[in-house]
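Participant:
Here it is as structure tokens:
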């Protein structure tokens, strides 16, 4: 929870160098004015300046803007020359001073944009210890980092982008302890699972709560606009412009999340968009170009190996080879299908511009982005996003009223194949050519390249959100705040299947089809709050009460038309001969009261508590409300003078314990009611309805109680920061499809059962300040999370039931494959460990428990600076079990016309063989044991990885004639991975979706100052 | 300003967070507030019944209990039907149970909501309530006859329902009769259109007569012969509405013989037609075929044969259409007039009216082209009625299995049948097992003896 990521904060890198030089030089400079002593916490810039003026008898003529830096500082200047403080002002605050007789002129240094320093500076002779107060964002507020008790990690996103085509969440992989990121593919717009603090629901979604500028939103588009590539839970984050995001805050424990009550059992992610800065207008232009490719292809059999496999299969079957591959196609030229279908280089081209500036009363920011990505597929597929972002702030002269507005808009156009072409790469290597000699598509065989003609997916997504923050200071310590926001995402898509996918001669017997999908979700939120903050000499007290009213609507509809006889008419559904229509609407309403209170005693003891009463429309009338609460205690033990004497090398130390409750209401709308669905038939010519799930007015929230204890140490003047957290949560009242005797009218009902899941995480973060290695400075961060997930109770504790239904939250029972018998057939272990083979009469038991949650994960971040060069490299790793992507569950090794990976070479050939795979066959004889094997230990393999996620080399230069800072950079993403995983991608673990792509990018970033 | 704050902070969100029902789905709370949608809920039950399930097709009572009894045998010897056929069914897979209970659950909701609903036209509400009660009784009739004592569930509280123990059959019959008597008064003596206001020539909704027919059936089982007689009389007196048709017309849609039929919804044929003529997993057993005398017209009209792998198999041919190209000509007959004669015959016999019993029986015998039955010995007559039921009602709604039960001849008949099936008969097999899944999830439930 420290500001862990110096490497994203790349601007002040060489300013640092400058800083240390400057301080040292000034130390020996003579001063005519008295030295100054300022030892005070929470001091504002104006107070600092006033104090300098008073003690050193200067007249200060600060630029008015200088006062208005909203930060406060803890200062410990003891009898230091004024120049020291002025240097500090310059290096940390960008305030330039000129001493002119008895005047000090202060002005903002516009040669660099304002950045929140976010880390501590040191003066090494021990005289000065400057600690700008580090502010951390929490739910509904921001507080000094050192007084924070919650498990919070903040990621500042400066000018860098995640790999093209992925959303911002993928770039935090390995950076945040306790947060596990599992991407589900390399295409733009596919979902990414984010798991905070472990999986704590058996049946329901464990997505964190996403809040952008105070507005909660869903991170997925339900049913993915009908696209097979995007999947049923396509990401909605992809439509937020990465470059407009200023920070992402991860709230993990109860202290940080219970203020979000029923929606925060899975943690919360707060996203803040960029805010305007005062000062003369600055313009920032960026452009980058990248290329990405599939990093690692699957290891398909070579043509020779392929033919050997096919012949062996025929021998095993005692039959001649069947299939075109061994017949008509025998002498065809071999084709590398992976190269043909997923082997292209995708390009990405981004441009971004922003302009920002303003006075202390009024500031504005305007930015625009255009992003264009192509795909690795043949054919002309791409996605293009155009985004706009605006922020404007107004503060009244008396500073009592603050009005802030942020708005973002993006329009994305997607053009994708209807199916992921990776599904066709297992063609035989000797199929007929893809194209005829004249370059036309070869229709003489079921050519998978027709996928570039259809079905085709075309969609557009509009994402808009805007929020208004009003703050009115009623008294000095009491302000009234209101946050009003709205989020809207809508998408329209069509999937067209034209006649051109068929060979010309059969087109007259075929028809085309069109499917249209529409999706729209809108959220409105209003959160009036009353905020109290006051500091007495020994006590600091803050309190917050507020209320939330929220409404989310979701509308989905689709039309499916068939019978098109002419491709020219395909885009108008009225030309279909048969149209089917379906529609879904839902409304979610949510209301809450909440409050928070914190007391800090002598800057040493911290007490904090949250309480919330939530109501959600997703529950029956009697179960709509519930209380959630949390409390925490912290002790900054380094504040004791005796401690400081004893352990001078520990400059900061904090112990904390927090406990609280949160809930999970991600069960979908209207589930407690019995819904009736219109049947596709009529009876007696009249409409007929069939009832859905049984109603249950009695179920309520899944609750998760979270406990966390942690220690945070700053060693050797914060050169090393150590954060160790122990997190335990217990999720109970699990809401599952509880089994019923069918005499009750259905096989199950959605109900709470007294099952409980425990998640235990150990999280360690080590972080260094910039350490000097001669001219090279290094700072690094290392984090590791060791999670464990246990289903600690289940009603009846009936293991057999669990085996039956895979009801554990992260583990499942599979068949234990024990090898291959003497006939070359898979064999499995029964309950007693005996080998059995598949036969119709005896069920094979699932005896092996497989746990798919990672054993540990984390990352390692490094930033090296050398003069104007900065090198960032970022690794992430996980130790985990995964799914082997080397076997196709539907195509047994030896099957005609389908290639296999080299994994199948370890097969049974003759009695006595100890093989992994059963014998090759081109028949379906072994299909049942093969099907069982696809649910067995065979398909689980070590999917641990150490992945070189990102490397960035940048060079920064100030070009005087145009008064601009120019940063040149080259980046590489996902370039290298060390893994025992035998397939394509240890993270995606699938042969049917595109793996994460390796990308190289070059870019330039020009920051014009003082326009 | 301050007032605004106070308002914001103090307003109750209890009302605010009620999202109301969905706008594109009906829910249990509002579907019964409107004539068309309430009727739609009941139509949903009929539509479900018309699709493969316990009422028709390859999971149906007619088909599977026919296999358990002596009506069919599977053509494919390694068929998954063998446990049902050879009377060695286990509790792992048990047919009918979930389908019937699911229908009963829907009717329980319907009865509960219709009883308190205020938005319906009174006559519509009355008729729907009657239909729901009739359907509930109809469901329990089969459950109690196939499984014996069963949980009697009439409410909608799932917490109660999931712990319901078995209710003695006697009480289940009481509930059946209670529901049927209510239905009898609620339902119209006219066949109703889907708006439940206008009458129709379509006999696809249960009427007053369907309720009476079921009352007659149940009373006969309970040996309440007077009630059975009264109910049967009431139906047979309706000579404008009902009559025995020629054999080829019996299963035609809306035939004069129909008391209640289900309209096919998936295809223009009945699922039974498709099963016996299209899929043909089973053929008529020699026991049934040899029970027919050679002159029996029913053998010509209701039985067909086909050559499969050089063997001749015989199949039910009551429903004659089974292909999509056929125009819709037949509905699935649930209750028909001929059975009422047989019921009345048995009731009259039990009440000592030998001649009346004989007359009623002969109505069916003569229609089949056979000479009238002349024997007046009550025991012979009793056997003749059972025999006639076997021939008249074969492959329909499990009549054979249930008749063997009630006549007390099950053990005897099944001993003979299992000899042919290559298995042996155990008396406890008279009841199907209670599904193991239900036993697992309901600790109060017990298994039928023997399983």
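Protein chains in written order, with the numbering used here: chain Z, 5 to 1015; chain G, 11 to 461. In this text, a Cβ means the ideal position worked out from N, Cα and C, and glycines have one as well. Source: prediction; values computed, not measured.
Nearest to residue 342 of chain G by alpha carbon, out of G:208, G:270 and G:216?
Facilitator: Closest by alpha carbon: G:270.
Participant: Can residue 547 of chain Z and residue 600 of chain Z be called in contact, C-beta distance under 8 Å?
Facilitator: Yes, the Cβ-Cβ distance between residue 547 of chain Z and residue 600 of chain Z is below 8 Å.
Participant: Would the beta-carbon of residue 729 of chain Z fall within 8 Å of that of residue 714 of chain Z?
Facilitator: For residue 729 of chain Z and residue 714 of chain Z, yes; Cβs fall inside 8 Å.
Participant: DSSP state of residue 939 of chain Z, grouped into three classes?
Facilitator: Coil at residue 939 of chain Z, not helix or strand.
Participant: Below 8 Å, can you find three or more Cβ-Cβ pairs linking the region 412-421 of chain Z to the region 384-401 of chain Z?
Facilitator: Contact holds: three or more Cβ-Cβ distances are below 8 Å.
Participant: State the CB to CB distance for the pair residue 38 of chain G and residue 677 of chain Z, rounded to an integer number of angstroms; the pair is presumed to be in contact (CB under 8 Å).
Facilitator: Sure, about 7 Å apart at Cβ, within 8 Å.
Participant: What number of angstroms, rounded off, separates the C-alpha of residue 291 of chain Z from the C-alpha of residue 796 of chain Z?
Facilitator: Going from the Cα of residue 291 of chain Z to the Cα of residue 796 of chain Z covers about 52 Å.
Participant: Can you tell me which of the three DSSP states residue 729 of chain Z falls into?
Facilitator: Correct three-state label for residue 729 of chain Z: strand.
Participant: Go to residue 597 of chain Z, then tell me how far its alpha helix (DSSP H) extends in each direction, as first and last residue.
Facilitator: Looking at the DSSP string, residue 597 of chain Z is not in any alpha helix (DSSP H); the run it does join, the beta strand (DSSP E), is 582-605.
Participant: Which residues does DSSP list as the beta-bridge partners of residue 785 of chain Z?
Facilitator: Z:771 and Z:865.
Participant: Look at residue 262 of chain Z and residue 664 of chain Z and say whether their C-beta atoms are less than 8 Å apart.
Facilitator: For residue 262 of chain Z and residue 664 of chain Z, yes; Cβs fall inside 8 Å.
Participant: Determine, using beta carbons only, whether residue 298 of chain Z comes closer than 8 Å to chain G.
Facilitator: No, no contact with chain G.
Participant: Quick one: what does DSSP say residue 988 of chain Z is sitting in, helix, strand or coil?
Facilitator: In this structure, residue 988 of chain Z counts as coil in the three-state DSSP scheme.
Participant: In whole angstroms, what is the alpha-carbon distance linking residue 1016 of chain Z and residue 385 of chain Z?
Facilitator: Given a span of 5 to 1015 for chain Z in the structure shown, any question on residue 1016 of chain Z remains unanswerable.
Participant: Could you name the residues of the region 649-673 of chain Z whose beta carbon sits closer than 9 Å to any beta carbon of chain G, in the order they occur along the chain?
Facilitator: So the close ones are 673.
Participant: Between the region 178-198 of chain Z and the region 444-454 of chain Z, do at least 3 Cβ pairs fall closer than 8 Å?
Facilitator: Not touching, per the Cβ criterion.
Participant: Report the start-end ranges of each beta strand (DSSP E) in the region 843-921 of chain Z that is 3 residues or longer and not cut off at the edges.
Facilitator: Fully enclosed beta strand (DSSP E) runs of 3 or longer: 852-855, 860-870, 873-883 and 885-887.
Participant: Return the CA-CA distance between residue 933 of chain Z and residue 918 of chain Z, expressed in angstroms with no decimal places.
Facilitator: Their Cα atoms are separated by approximately 17 Å.
Participant: Where does the unbroken alpha helix (DSSP H) through residue 53 of chain G begin, and where does it stop?
Facilitator: Per DSSP, residue 53 of chain G belongs to the alpha helix (DSSP H) from 45-60.
Participant: Could you round the C-beta distance between residue 454 of chain G and residue 441 of chain G to whole angstroms and report it? I think they count as a contact, below 8 Å.
Facilitator: That belief does not hold up - the Cβ atoms of residue 454 of chain G and residue 441 of chain G are roughly 18 Å apart, past 8 Å.
Participant: For chain G, check one thing: does any of its Cβ atoms lie closer than 8 Å to the Cβ of residue 553 of chain Z?
Facilitator: Cβ-Cβ to chain G under 8 Å: yes for residue 553 of chain Z.
Participant: Counting only beta-carbon atoms, is residue 50 of chain G nearer than 8 Å to chain Z?
Facilitator: Closer than 8 Å to some Cβ of chain Z, the Cβ of residue 50 of chain G qualifies, so yes.
Participant: Pick out the complete alpha helix (DSSP H) segments inside the region 603-667 of chain Z, 4 residues or longer, and give them in chain order.
Facilitator: The qualifying runs are 645-650.
Participant: Establish whether the CB of residue 1006 of chain Z and some CB of chain G are separated by less than 8 Å.
Facilitator: No - not a single Cβ of chain G is within 8 Å of the one on residue 1006 of chain Z.
Participant: Would you please verify whether the beta carbon of residue 161 of chain G is less than 8 Å from any beta carbon of chain Z?
Facilitator: Chain Z, which has a Cβ nearer than 8 Å to the Cβ of residue 161 of chain G, makes this yes.
Participant: Who are the neighbours of residue 206 of chain Z on chain G, taking C-beta pairs under 9 Å?
Facilitator: Chain G residues near residue 206 of chain Z: none, gap ~17 Å exceeds 9 Å.
Participant: Would DSSP call residue 206 of chain Z helix, strand or coil?
Facilitator: Here residue 206 of chain Z sits in coil by DSSP.
Participant: Are the CB atoms of residue 216 of chain G and residue 144 of chain G within a distance shorter than 8 Å?
Facilitator: Their beta carbons are under 8 Å apart, which means residue 144 of chain G touches residue 216 of chain G by this criterion.
Participant: Quick one: list the residues of chain B neighbouring residue 699 of chain Z, beta-carbon separation under 7 Å, in chain order.
Facilitator: Going by chain labels, chain B is absent from the structure shown, which instead holds the protein chains Z and G.
Participant: What residues of chain Z sit near residue 32 of chain G, judged by a beta carbon separation below 9 Å?
Facilitator: Those are 588, 589, 590, 591, 673, 674, 677 and 679, listed as they occur along chain Z.
Participant: Distance cutoff 8 Å, beta carbons only. Does residue 620 of chain Z sit that close to anything in chain G?
Facilitator: Closer than 8 Å to some Cβ of chain G, the Cβ of residue 620 of chain Z qualifies, so yes.
Participant: Does DSSP put residue 207 of chain G in a helix, in a strand, or in coil?
Facilitator: Residue state, collapsed to three classes: coil.
Participant: List the residues of chain Z that residue 47 of chain G touches, going by C-beta distances under 9 Å, in chain order.
Facilitator: 680, 691 and 693, listed in chain order.
Participant: Quick one: Cα of residue 835 of chain Z to Cα of residue 847 of chain Z, how far?
Facilitator: Using only the alpha carbons, I get a separation of about 11 Å.
Participant: Note down, in chain order, every chain Z residue with its Cβ under 7 Å from the Cβ of residue 212 of chain G.
Facilitator: Near residue 212 of chain G (Cβ distances below 7 Å), the residues of chain Z are 688.
Participant: Could you list which residues in chain G have their beta carbon closer than 8 Å to that of residue 594 of chain Z, in chain order?
Facilitator: Chain G residues near residue 594 of chain Z: 27.
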